[in-house]
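The next block holds one structure in the form of structure tokens; read it before the comments.
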Amino acid sequence: MALAIQRRQQRMYKPLRAHPHHTSTRTRSRCVWRASVSATVLTEQGCMFQERHGWERPGWFSKDGPAPALDYDYYGFYDVPKNTTDKYRDLLRKEYTFDFPPHHDVIKDECMSCRQDVAVFNMSYFGKFYLSGPDAKQAADWLFTADVNKKPGSTVYTCMLNKSGGTEADMTVSRLEPGAANLPLAVESDGDAYYLAIGGGVAEHNWNHIRKVLQDQGFRCRLVDHSEDMGMLSIQGPKSRQVLQEVLDTDLSNEAFPFSTHKIVNAAGHQVRAMRLSFVGELGWELHIPRDSCLPVYDAVMAAGAKHGIINSGYRAIDSLSIEKGRSLCLSGNTLTWYRHWHADLRLDDTPLEAGLAFTCKMKSSIPFLGRDRLEKQKKEGLRRRIVCFTIDDKVPMFGLEAVFRNGVPVGHLRRSDYGFFIDKTIGYGYIRNPDGGAASLDFVRSGDFTLERMGVTYKAKAHLKSPFDPENKRVKGIYA
Numbered sequence: 154m155a156l157a158i159q160r161r162q163q164r165m166y167k168p169l170r171a172h173p174h175h176t177s178t179r180t181r182s183r184c185v186w187r188a189s190v191s192a193t194v195l196t197e198q199g200c201m202f203q204e205r206h207g208w209e210r211p212g213w214f215s216k217d218g219p220a221p222a223l224d225y226d227y228y229g230f231y232d233v234p235k236n237t238t239d240k241y242r243d244l245l246r247k248e249y250t251f252d253f254p255p256h257h258d259v260i261k262d263e264c265m266s267c268r269q270d271v272a273v274f275n276m277s278y279f280g281k282f283y284l285s286g287p288d289a290k291q292a293a294d295w296l297f298t299a300d301v302n303k304k305p306g307s308t309v310y311t312c313m314l315n316k317s318g319g320t321e322a323d324m325t326v327s328r329l330e331p332g333a334a335n336l337p338l339a340v341e342s343d344g345d346a347y348y349l350a351i352g353g354g355v356a357e358h359n360w361n362h363i364r365k366v367l368q369d370q371g372f373r374c375r376l377v378d379h380s381e382d383m384g385m386l387s388i389q390g391p392k393s394r395q396v397l398q399e400v401l402d403t404d405l406s407n408e409a410f411p412f413s414t415h416k417i418v419n420a421a422g423h424q425v426r427a428m429r430l431s432f433v434g435e436l437g438w439e440l441h442i443p444r445d446s447c448l449p450v451y452d453a454v455m456a457a458g459a460k461h462g463i464i465n466s467g468y469r470a471i472d473s474l475s476i477e478k479g480r481s482l483c484l485s486g487n488t489l490t491w492y493r494h495w496h497a498d499l500r501l502d503d504t505p506l507e508a509g510l511a512f513t514c515k516m517k518s519s520i521p522f523l524g525r526d527r528l529e530k531q532k533k534e535g536l537r538r539r540i541v542c543f544t545i546d547d548k549v550p551m552f553g554l555e556a557v558f559r560n561g562v563p564v565g566h567l568r569r570s571d572y573g574f575f576i577d578k579t580i581g582y583g584y585i586r587n588p589d590g591g592a593a594s595l596d597f598v599r600s601g602d603f604t605l606e607r608m609g610v611t612y613k614a615k616a617h618l619k620s621p622f623d624p625e626n627k628r629v630k631g632i633y634a
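Just remember that the working numbering sits 153 ahead of the position in the sequence shown, which is counted from 1.
Take a look at the structure:
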């Protein structure tokens, strides 16, 4: 397995022609944090990479030290000596099991370090787009289910829908200050401009959806891709503020840097865009970093975090932490944020109402957006299915697609499952239906006895309407008892 992070296909994109002011560009420079330099640095620290949607990204970190992948041996052909041993391959092969993987405890340590101290996640494979132009505000209103036109410096979690009300994407949209270009941290704009951060595996899908909508509506906008020009580090955990306060030249207190806000700051002498966000349910920040500054900033973060027990963590830990948290409450006290994985517990055929993301939809306003009419109809008629969180006390691995039974009757299946190490339970999310054809109401969930079936064996499950972890949502606010 090659360690170099895979790049998107090198295709040329022509400007859209729906309007003379409507253009679309893709940058092509390689990001050092997404390419071989970062892979080498992480491999030296024991990183085992995993593939997701055609990209490689850190999966987990072996405690046995580096396990570099050997050069491809062509099975001994072309006068290339055949590899006789391969530590990297052998470690990955052990993942193919219906039990917990051999490195289950390693993932646990990464998760618990994030919950108890601080962890750093390399999320550089994320897509990073800018939307600007004369019609940028109108385009943002139509594209995004949430009202992203807050004051500059705000960051909003939102969805994008199709005409059927299905969810094309979930992402964060940050409103920027108008001004001169400060590429790649900002684009030139004399009006409204937005920074979009999107899961890397689906960034290409989101790019094409946005382009199509802009073209169909004739919006005069410019959509620019700077994914290859920036890296992204997420520093999360109770001690993240202590670590970053030594690296960033700005006040990180709740008052000076509230949740869901962003600003350009200096990090060890390098300009970065810092966002106070969390995908794991902890106090934390994301640093969006120009490619040439990625390694110096990473080194500064690790040096400052050494005395606080900072560790590298991978996406296997993120999967566990995010499903364990389930949702979070923003500091305003009235905004629920669910931790969804698009492609698993959120797909093209799921509406935000079914997925527990109604709060992302500006239904109380009169602002039209793509798919709104379908949501209004669904809200009026009642939900025929909804997503539910399940936990089981038995320590058995589940992977998704396990059948869900209510009172002995099948009502759905899990979309995603993982082990929650802090609550010490197996967790799963799945959509359930009322077998009688009626609404899948909250009372329908509360009144049922649920079981989950794994490989022919059923396990008693508890259905949750609130997060099984930190239900009062204090930790993202930095409140730790």
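In this text, a Cβ means the ideal position worked out from N, Cα and C, and glycines have one as well. Keep in mind that this is a model prediction, so the values were computed, not measured.
From Gly-319 to Glu-357, what does the alpha carbon distance come to, in whole angstroms? Walking along the sequence shown from the start, residue 319 turns up at place 166. Walking along the sequence shown from the start, residue 357 turns up at place 204. So the two alpha carbons sit approximately 18 Å from each other.
Residues bridged to Asn-465 [DSSP beta-bridge criterion]: Within the sequence shown, residue 465 is the residue found at index 312, counting from 1. Note: Asn-465 sits in a beta bridge opposite Val-273.
Candidates Asp-243, Val-259, Ala-634, of which the one nearest Ser-473 by Cα: By 1-based counting over the sequence shown, the position of residue 473 is 320. Residue Val-259 is the option with its Cα nearest to Ser-473.
Residue(s) in a DSSP beta bridge with Ser-327: Your numbering for residue 327 matches position 174 in the sequence shown. In the DSSP output, where bridge partners are listed per residue, Ser-327 has Thr-308, Tyr-348.
I need the DSSP call for Asp-262, collapsed to helix, strand or coil. As a first step, residue 262 is located in the sequence shown; it is residue number 109 there, counting from the start. Here Asp-262 sits in helix by DSSP.
Which term fits Thr-238, buried or exposed, when burial requires 16 or more other beta carbons within 10 angstroms of its beta carbon? Numbered from 1 along the sequence shown, position 85 holds the residue referred to as residue 238. So Thr-238 ends up on the exposed side.
Reduced DSSP category for Val-418 - H, G, I as helix; E, B as strand; rest coil: Sequence index remark: in the sequence shown, residue 418 carries index 265 (1-based). Residue state, collapsed to three classes: strand.
With distances taken Cα to Cα, identify the nearest neighbour of Arg-375 among Gly-353, Leu-536, Gly-422, Asp-345. On the sequence shown, position 222 is the one that residue 375 refers to. Nearest C-alpha to Arg-375: Asp-345.
Could you tell me whether the Cβ atoms of Gly-437 and Ser-446 are closer together than 7 Å? If you number the sequence shown from 1, residue 437 lands on position 284. If you number the sequence shown from 1, residue 446 lands on position 293. Cβ atoms of Gly-437 and Ser-446: not closer than 7 Å.
Please report how far the alpha carbon of Asn-407 lies from the alpha carbon of Pro-337, in whole angstroms. Reading the sequence shown from its first residue, position 254 is the one you call residue 407. Reading the sequence shown from its first residue, position 184 is the one you call residue 337. Each residue's Cα considered, the two are about 27 Å apart.
Helix, strand or coil, according to DSSP, for Thr-193 in the structure here? On the sequence shown, position 40 is the one that residue 193 refers to. Three-state DSSP puts Thr-193 in a helix.
Drop a sphere of 10 angstroms on the beta-carbon of Glu-263, count the other beta-carbons inside from all chains shown, and report buried for 16 or more, exposed for fewer. On the sequence shown, residue 263 is found 110 positions in, with the first residue counted as 1. With 16 or more Cβ atoms within 10 Å of its Cβ, Glu-263 is classed as buried.
C-alpha gap between Arg-527 and Ser-317, whole angstroms: For the purposes of this step, residue 527 is taken as the residue at position 374 of the sequence shown. For the purposes of this step, residue 317 is taken as the residue at position 164 of the sequence shown. The straight-line gap from Cα to Cα measures roughly 6 Å.
Give the DSSP-derived three-state secondary structure of Asp-382 in the structure shown. Taking the sequence shown and counting its residues from 1, the one referred to as residue 382 is at position 229. Note: Asp-382 maps to helix in three-state DSSP.
Relative to the alpha-carbon of Glu-381, which residue among Phe-230, Ala-511, Tyr-278 has its alpha-carbon at the smallest distance? On the sequence shown, position 228 is the one that residue 381 refers to. The candidate whose alpha carbon is nearest that of Glu-381 is Tyr-278.
Excluding the 5 residues preceding and the 5 following Ser-387 in the sequence, name in chain order all residues of the same chain whose CB lies nearer than 6 Å to its CB. As a working mapping, residue 387 is identified with position 234 in the sequence shown. Within the same chain, Ser-387 has close Cβ partners Phe-274, Met-276, Glu-439.
Three or more C-beta pairs closer than 8 Å, one from the segment 280-289 and one from the segment 403-418: is that the case here? no
Keeping to the same chain, check which residues put their C-beta closer than 6 Å to that of Asn-359; ignore five residues upstream and five downstream. One-based indexing of the sequence shown puts residue 359 at position 206. Closer than 6 Å at Cβ, skipping near neighbours: Ala-322, Ile-351.
For His-496, name the three-state secondary structure that DSSP assigns. By 1-based counting over the sequence shown, the position of residue 496 is 343. Three-state DSSP puts His-496 in coil, outside helix and strand.
In the DSSP output, which residue or residues are listed as bridge partners for Ala-556? The residue labelled residue 556 in the question sits at position 403 within the sequence shown. His-566, Glu-606, per the DSSP bridge assignment.
If I measure Cβ to Cβ from Ala-421 and keep anything under 7 Å in the same chain, skipping five residues before and after, which residues do I get? Position 268 of the sequence shown, counted from the start, is the residue given in the question as residue 421. Here the set comprises Val-400, Pro-449, Val-450, Ala-453.
Measuring CB atoms only, is the segment 516-523 touching the segment 558-570, in the sense that at least three cross pairs come out at less than 8 Å? no
As assigned by DSSP and simplified to three states, the class of Arg-210: To locate residue 210, count along the sequence shown from 1; it is residue 57. DSSP places Arg-210 in strand when its eight states are reduced to three.
Taking buried to mean at least 16 other C-beta atoms within 10 Å of its own C-beta, is Ile-463 buried or exposed? The count along the sequence shown starts at 1 and reaches residue 463 at position 310. With 16 or more Cβ atoms within 10 Å of its Cβ, Ile-463 is classed as buried.
Less than 7 Å between the beta carbons of Lys-478 and Gly-434, yes or no? Here residue 478 refers to the residue found at position 325 when the sequence shown is read from its first residue. Here residue 434 refers to the residue found at position 281 when the sequence shown is read from its first residue. For Lys-478 and Gly-434, yes; Cβs fall inside 7 Å.
With 16 as the cutoff for other CB atoms within 10 Å, does Asp-498 come out buried or exposed? Locating residue 498 in the sequence shown gives position 345, where the first residue counts as 1. Burial call: buried.
How is Leu-405 classed by DSSP in three states: helix, strand or coil? Along the sequence shown, read from residue 1 onward, the residue named residue 405 stands at position 252. Leu-405 falls in the coil class under three-state DSSP.
By the DSSP assignment, the beta strand (DSSP E) with Tyr-283 in it spans what residues? Numbered from 1 along the sequence shown, position 130 holds the residue referred to as residue 283. Looking at the DSSP string, the run of the beta strand (DSSP E) that includes Tyr-283 is 280-285.
Would you give the residue range spanned by the beta strand (DSSP E) that Tyr-584 belongs to? To locate residue 584, count along the sequence shown from 1; it is residue 431. First-last of the beta strand (DSSP E) with Tyr-584: 578-586.
Give the DSSP-derived three-state secondary structure of Gly-228 in the structure shown. For the purposes of this step, residue 228 is taken as residue 75 along the sequence shown, with counting starting at 1. This sequence places Tyr at residue 228; Gly is not what is there. In this structure, Tyr-228 counts as helix in the three-state DSSP scheme.
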